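I have placed the structure first, in the form of structure tokens, so that the comments after it can refer back to it.
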Amino acid sequence: MKIRIFFYILIVSYKAIIGNIEYQNFHFKRIETFNNNCLTVCVLGWGQIQIANVNTLVFLENDTIKSKSWMLSLSDKLFMFYDEELSKIGERKTWFSSIKSYWEAN
């Protein structure tokens with residue numbers, strides 16, 4: 010028996026008005042249906058996927074993309090993200106090395 014795992018996201022839109030909550034809309038979608046441009050990758054532990062702007066969500070049709078294709082696309086995005094993070098770390102190390110050298114010399 011093959012076990013299939015799906016990752017769903019529930020997004021509920023609401024307004025809070027003087028102690029009351031007014032429901033407006035909701036989405037219950039598989040992660041694969043989110044257009045990659047709607048998602049950003051952030052540093053938190055091993056990485057974190059965030060919705061870039063909940064006001065501009067774009068969903069793909071359910072059958073348009075398969076989990077494998079979506080995960081491969083996400084992997085490419087993560088590789089680029091981590092390469093950029095490594096570059097930033099290198100720049101910061103160089104900068105702090107110059108600060109340390111200054112303080113060692115004075």
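Residue numbers (my numbering): 10 to 115.
C-beta: ideal position from N, C-alpha, C; glycine also.
All figures in this text were calculated on a predicted structure; none of them were measured in a lab.
Rounded to the nearest angstrom, what separates residue i and residue j at their Cα positions?
i, j, result
"Leu87", "Ile20", "24 angstroms"
"Asp92", "Val50", "13 angstroms"
"Ser106", "Leu53", "25 angstroms"
"Tyr111", "Met89", "34 angstroms"
"Phe15", "Ile26", "35 angstroms"
When burial is assigned at 16 or more other CB atoms within 10 Å of the CB, is residue i buried or exposed?
i, result
"Glu41", "buried"
"Trp104", "exposed"
Would you please state the rounded distance, in angstroms, between the beta carbons of residue i and residue j? I believe it to be under 8 angstroms.
i, j, result
"Tyr23", "Gln33", "6 angstroms"
"Leu48", "Ala61", "6 angstroms"
Q) Can at least three beta-carbon pairs, one atom from the segment 94 to 107 and one from the segment 65 to 84, be found at a separation below 8 angstroms? A) Segments in contact, no.
Q: Just list the beta strand (DSSP E) runs in the segment 34 to 103, keeping only unbroken ones of 3 residues or longer that don't cross its boundaries, in chain order.
A: Counting only runs that start and end inside the segment 34 to 103, the beta strand (DSSP E) elements of at least 3 residues fall at 48 to 51, 57 to 60.
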